[in-house]
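Novice:
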Amino acid sequence: MPEFAAALTRAGVDALWVSRPENVRYVTGFTSPEDGKALLTPQGAVLYTDARYTEQARLESSAEQFIARPPATLEHAAERVRGLRVGFEADALTVAALDDLRRFWPDATLVPTTGILETLRLIKTPDEIERIRQAQRIADEAFAAVRPLIRAGAVERDIEFAIEGEMRKRGARGWAHGFIVAGGERGALPHGHASDRVLQDGELVTVDIGAVYDGYVSDMTRTVRVGEVSAELRRIYHAVLEAEEAAIRAVRPGVRAADLDTLARDILTGHGLGEAFAHSLGHGVGLAVHEGPSLRGTSDDVLEPGMVITIEPGAYLPGLGGVRIEDLVLVTEDGYEVLSTSPKEPV
Ligand code: GLY
Ligand code: MN
Ligand code: MN
1 MPEFAAALTR AGVDALWVSR PENVRYVTGF TSPEDGKALL TPQGAVLYTD
51 ARYTEQARLE SSAEQFIARP PATLEHAAER VRGLRVGFEA DALTVAALDD
101 LRRFWPDATL VPTTGILETL RLIKTPDEIE RIRQAQRIAD EAFAAVRPLI
151 RAGAVERDIE FAIEGEMRKR GARGWAHGFI VAGGERGALP HGHASDRVLQ
201 DGELVTVDIG AVYDGYVSDM TRTVRVGEVS AELRRIYHAV LEAEEAAIRA
251 VRPGVRAADL DTLARDILTG HGLGEAFAHS LGHGVGLAVH EGPSLRGTSD
301 DVLEPGMVIT IEPGAYLPGL GGVRIEDLVL VTEDGYEVLS TSPKEPV
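In terms of UniProt numbering, the sequence shown is residues 1 to 347.
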């Protein structure tokens, strides 16, 4: 695991206590990482999990394994960390868990760290990209299957339920985030999770969905019309689409993520919608639905081949409605590949 060793060295630690589930999975391959921890050293990872997972861990992970519950796990690790500088994930460890580390590892120097493994996770391997592709394929197929149901008289929650079923049939193991199905005025809620509201003619409906496949997620939003919509809603939709497509065309290695956000924001501002674009342009996607790089205006991240990002501008107008269009995009050696294939229907 040479890249792990180099990452520990760069961070100035001898070992890392891994508590964020996605990171436990990343360093061990164990698929129930919520019930595990890992101790990462230059020699490799030790997976700590309990007896419910003895056989599963053996099948899934080539990491050394110690099967017990805390505090036996911490006592076992204490032997390994004696005299070492041990990083812990400052943004993924409870105060109580840190107290336990202090108590059980009196001979280690505990160092708060952030981003050691998240930095490695920025660049996806071909295997990881393939899983994200499959997660996106599931979402595209599910959306196509359910699209005819998005019409006047349909209930938002029924649409959500139908998408979940179509995803399950195609191999999804879970959802990237709570599905957003937000019609009419609810479209002004960027995170308007599906409700009991009945869709009406003349509305736009925002549908934001993602599947989990083999641990990796997808993320996509489409905004579609129900019946004929007003000229103002059409104008807003096409402004968001223009910003989204311009930002996608600008994706390539070496581009600052913040500049993509500015590019899209400037287009929306030109349409009088700058204030209505209330969030950042996008985010990385992988084991987590929200990971690096960050595509916000304050981001220092620079795009590199192998990153998988979303481009998702939106406009949210209370009392009127909202639009978001989100694509999943792979940064390639010479530009980009859009992984999401669902049509962006003109309204
Ligand atoms: N709605 C959350 C996201 O797409 O990131
Ligand atoms: Mn989304
Ligand atoms: Mn997203």
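Yeah, the Cβ is synthetic: ideal placement off N, Cα and C, and Gly gets one too.
From the DSSP secondary-structure annotation, give me the bridge partner or partners of M220.
Specialist: I209
Novice: Let me know if Q107 comes out buried or exposed under the rule of 16 or more other beta-carbons within 10 Å of its beta-carbon.
Specialist: Note on residue identity: the sequence assigns Asp, not Gln, to residue 107. Here D107 is exposed, its C-beta having fewer than 16 other C-beta atoms within 10 Å.
Novice: Is D107 near ligand 2, going by C-beta to nearest heavy atom under 6 Å?
Specialist: no
Novice: Please list the segments of the alpha helix (DSSP H) lying wholly inside the UniProt domain "Creatinase N-terminal" (5-123), counting only runs of 4 or more residues, in order along the chain.
Specialist: 21-28, 54-60, 72-81, 95-104 and 116-121
Novice: Which residues in the same chain have their Cβ closer than 6 Å to the Cβ of T54, if we skip the five residues on either side of it in sequence?
Specialist: I67
Novice: Determine, using beta-carbon pairs with one atom in the region 181-195 and one in the region 92-101, whether at least three such pairs fall under 8 Å.
Specialist: no
Novice: Quick check on the burial criterion: 16 or more other C-beta atoms within 10 angstroms. Buried or exposed for H191?
Specialist: exposed
Novice: Nearest to residue 424 by CA position, among T94, R58, G335 and L59, is which residue?
Specialist: Outside the shown range of the chain, which is 1 to 347, sits residue 424, and nothing can be said about it.
Novice: Measuring alpha carbon to alpha carbon, tell me which residue in R25, V24 and T31 is nearest R173.
Specialist: T31
Novice: Can you tell me which of the three DSSP states R168 falls into?
Specialist: Correct three-state label for R168: helix.
Novice: What residues are listed by DSSP as bridge partners for R282?
Specialist: One detail in the question is off: residue 282 reads as Gly in this sequence, not Arg. According to DSSP, G282 bridges with L295.
Novice: Which stretch, first to last residue, makes up the alpha helix (DSSP H) that contains T262?
Specialist: A257 to G270
Novice: Drop a sphere of 10 angstroms on the beta-carbon of E275, count the other beta-carbons inside from all chains shown, and report buried for 16 or more, exposed for fewer.
Specialist: exposed
Novice: Within 6 Å: the Cβ of E22 and any heavy atom of ligand 3?
Specialist: Distances from the CB of E22 to the heavy atoms of ligand 3 are all 6 Å or more.
Novice: Just verifying my parser: in three-state terms, what is the DSSP assignment at M1?
Specialist: Annotation note: pLDDT 49 at M1 (below 50); position unreliable, coordinate value reported separately. Looking at M1 - three-state DSSP - the assignment turns out to be coil, as it is neither helix nor strand.
Novice: Given 6 Å as the limit, tell me if T206 has its C-beta closer than that to any heavy atom belonging to ligand 4.
Specialist: Within the structure as shown, ligand 4 is missing, the only ligands being ligand 1, ligand 2 and ligand 3.
Novice: Report the residue from R170, V251, D327 and A264 whose alpha carbon sits nearest the alpha carbon of T223.
Specialist: Ranking the options by Cα distance to T223, first place goes to D327.
Novice: Taking 8 Å as the threshold, find out whether the region 161-169 comes into contact with the region 140-151 through three or more Cβ pairs.
Specialist: yes
Novice: For a test of the three-state rule: what should DSSP assign to R173, helix, strand or coil?
Specialist: Secondary structure of R173 (DSSP, three-state): coil.
Novice: Buried or exposed: R82, going by 16 or more other Cβ atoms within 10 Å of its Cβ?
Specialist: exposed
Novice: Which residue from D334, G314, L281 and L330 puts its Cα closest to that of Q136?
Specialist: That would be L330, whose Cα lies nearest to the Cα of Q136.
Novice: Taking buried to mean at least 16 other C-beta atoms within 10 Å of its own C-beta, is A154 buried or exposed?
Specialist: buried
Novice: Residue range of the beta strand (DSSP E) that E275 falls in?
Specialist: No beta strand (DSSP E) holds E275; DSSP gives it neither H nor E.
Novice: Is I309 helix, strand or coil by DSSP?
Specialist: Look at I309 here: in three-state DSSP terms it is strand.
Novice: Would the region 280-300 count as touching the region 260-267 if we require 3 or more Cβ pairs under 8 Å?
Specialist: yes
Novice: Quick one, which of L74, A38, T73 and P42 has its alpha-carbon nearest S61's?
Specialist: Residue nearest to S61 within the set L74, A38, T73 and P42 is A38 (criterion: CA-CA distance).
Novice: Just verifying my parser: in three-state terms, what is the DSSP assignment at L317?
Specialist: strand
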